[in-house]
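To keep things clear, I will list the structure first and then write my remarks on it.
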Amino acid sequence: METVPPRARVYVSCVAVGALLCLRPLPAAHTPWWAVLLLAAVYGGCERVAARWRFAGTFFPVLLAAAFLLPPAAAALVPLPGALLSPVDRRPRGLRRVWRAAQLAIAVWVAARVHGALGGGDAVAVSDFPYALAPAGAAVVAFCLVLCLLDGGILALAERVPARRAWRGLFPRSLAPVTVHGLAGLMMAVLWRSPYGPVAALLVLCPMGVSWWAFAQYHRERAAHRATIRALVQAVDIKDGYTRGHSERVGQASMMIARELGMDDERVEVLRFAGILHDVGKLGVPTRLLRKDGPLTPEERRVIELHPEYGHEMVRGISFLGEARAAVLHHHERLDGSGYPYGLSGSQIPESARVVAVADAFDAMTSTRSYSRARPVETALAELGRCAGSQFDPRMVTALLRALTRHGWHPVATGDDARPPRPRPPAPSQPKAHR
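Below you can see the structure in the form of structure tokens.
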């Protein structure tokens, strides 16, 4: 959103106007201003801590407690100071602050309206369990739904994400963590109304803060993993400029195949890592061979065919990669046993390697390489189909075909694509345009 399209600015403006309309009944409402100020201060403090320590996400329990305790217009006021004053890393900072403040204000207002309409206020006031759970649960769902709807809109308009992808999976991914925050918010609200008062309610934030901190450490670790992978891939791209962007595209295609096969999200992520890192062993291959004009000699080809083993040596100590390491080692094996480095056949080849093999060959054929021009997607798929059963696993080929039919394929062009291909005959054991 650094360069914000005009339509996205209009969208943000409309959301901001909607937030102001949520606040309009405020003067007429019976507003407990001390509670609004206290909750707003607590939320703002949580946001400052999150920014300082680079925690992930927003601390929703305070906002949901406001939705359970206050009139809708007053509850919508709670997130504004924290959102408008919190640090923002990316530009335009002012627009981002307005967007976040308006989005949260509308979500809290809707949650408070749903909670009040279902009689949640009375249930909280008298600690009427389990009946307090139903209106609170409905409010949490409404809160999450509003956030997801607005987030999908900004993704489509500001980040230019295709509309069919902008909202996909947002709500299911967000509901579980928001529900946990909602339970904490409900506990805060019940304690707030109890004889122990706001002090006891604020103590709920202590265990939530610890869990939030632990979750943030997990995200930091994952960010460090991605940085490690990115550094390795950049090193390969620098060494072999003609395949720049190839690793990321193979990772994307591997992820598409894995999802089509019904793998869980964690394994899909591992397969993406496998695709991204499959050629990391080229760092051990002399640059002159990777960039050589003309055909390779048998000896030179044997040297290049060592890159899966080099790659496996490089990544075998990285524990979080899991089965991606096997894919790095075996992605040039063939079902008929004529591949390398070990000549495995059929089910001996790890499933992750069979996924990456198809993704690798597909991108190699649909991208301009040092020895051939890019082929149309349809031609590449036909070639994969021709080699299915002998070189490639037919399940993986079929999964890629289904995924491309559903989502399409938009390969990333690089500056190297503009250069004319240098003649080099493909290896006899591989489909054309893939080595």
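Heads up: the sequence shown is residues 587 to 1021, going by the working numbering. The beta-carbon is built from N, C-alpha and C at its ideal position, and this holds for glycine as well. Since we're looking at a predicted model, the values are computed, not measured.
Top-ranked residue by Cα proximity to P618, from S933, M982, V664, G705: V664
S953: first and last residue of the uninterrupted alpha helix (DSSP H) it sits in: It is not in any alpha helix (DSSP H) - S953 carries neither H nor E in the DSSP assignment.
Whether D979 touches R920 by CB criterion (7 Å): no
7 Å CB neighbourhood of F906 in its chain, flanking five on each side removed: H811
Residue range of the unbroken alpha helix (DSSP H) whose run includes R750: 749 to 752
Residue range of the alpha helix (DSSP H) that includes T765: 756 to 779
Which of helix, strand or coil DSSP assigns to F645: coil
Proximity below 7 Å, CB of P884 to CB of H918: no
Contact check, F729 vs A693, beta carbons under 7 Å: yes
Cβ-heavy atom distance, A775 to the ligand COA, below 6 Å: For the ligand COA, the structure offers nothing, since it holds no ligand at all.
V942 versus A989 - alpha carbon distance: 15 Å
Span of the alpha helix (DSSP H), counted from its first residue to its last, around T617: Per DSSP, T617 belongs to no alpha helix (DSSP H) and is neither H nor E.
Cut-off 7 Å between Cβ atoms - residues of its own chain near A999, not counting five sequence neighbours on either side: Note that A999 scores a pLDDT of 46, beneath 50, so its modelled location is shaky; the value from the coordinates is reported in the next line. Same-chain partners within the cutoff: there are none.
Nearest-angstrom Cα separation, counted from A653 out to P1073: Residue 1073 cannot be examined here, being either before or after the span of the chain that is shown, 587 to 1021.
Residues near D823 in its chain [Cβ-Cβ closer than 6 Å; skip 5 each side]: R830
DSSP bridge partner residues for A543 (one or two, in chain order): Any answer about residue 543 is impossible in this case: the structure gives the chain only from 587 up to 1021.
Sequence-distant residues of the same chain with beta carbon closer than 6 Å to E899, five excluded per side: none
Within 7 Å, strictly: CB atoms of A662 and C734: No; because the gap between Cβ atoms is not below 7 Å, this pair is not in contact.
Nearest-angstrom Cα separation, counted from G908 out to R751: 28 Å
Candidates R972, V601, Q977, L967: closest to G994 by CA position: Selected option, being the one with the closest Cα: L967.
Where R994 falls: helix, strand or coil (DSSP): Looking at the sequence itself, residue 994 is Gly, so the reference to Arg does not match. G994: coil per DSSP, three-state reduction.
Spatially closest choice to L892 from D922, P927, G783, by CA coordinates: Measuring from the Cα of L892, the nearest candidate turns out to be P927.
Every unbroken beta strand (DSSP E) inside the stretch 804 to 869 [3 residues or more]: none
Alpha-carbon to alpha-carbon, Y597 and R853: Rounded to the nearest angstrom, the two C-alpha atoms are 36 Å apart.
Whether R858 touches M842 by CB criterion (7 Å): The Cβ atoms of R858 and M842 do not sit closer than 7 Å to each other.
Segment contact flag, the stretch 781 to 795 with the stretch 754 to 765, C-beta cutoff 8 Å, min 3 pairs: no
Residue range of the alpha helix (DSSP H) that includes I740: 719 to 743
Supposed contact pair V836 and I815 - C-beta distance, whole angstroms, cut 8 Å: Actually they do not touch by this definition, with Cβ atoms about 13 Å apart.
S953 classed as buried or exposed, judged by whether at least 16 other C-beta atoms fall within 10 angstroms: buried
T873 - containing alpha helix (DSSP H), residue span: Counting along the chain, the alpha helix (DSSP H) containing T873 begins and ends at 873 to 876.
Where V603 falls, given that 16 or more other Cβ within 10 Å makes a residue buried: exposed
Cβ-Cβ distance between A775 and A651 below 7 Å: yes
Close Cβ partners of A742 (< 6 Å) along its chain, the five nearest in sequence each way excluded: A749, A752
Buried or exposed (CB count within 10 angstroms, at least 16 for buried), G706: buried
Neighbour-count burial assignment, H1085, 16 or more Cβ in a 10 Å radius: The first residue shown for the chain is 587 and the last is 1021, placing residue 1085 beyond what the model contains.
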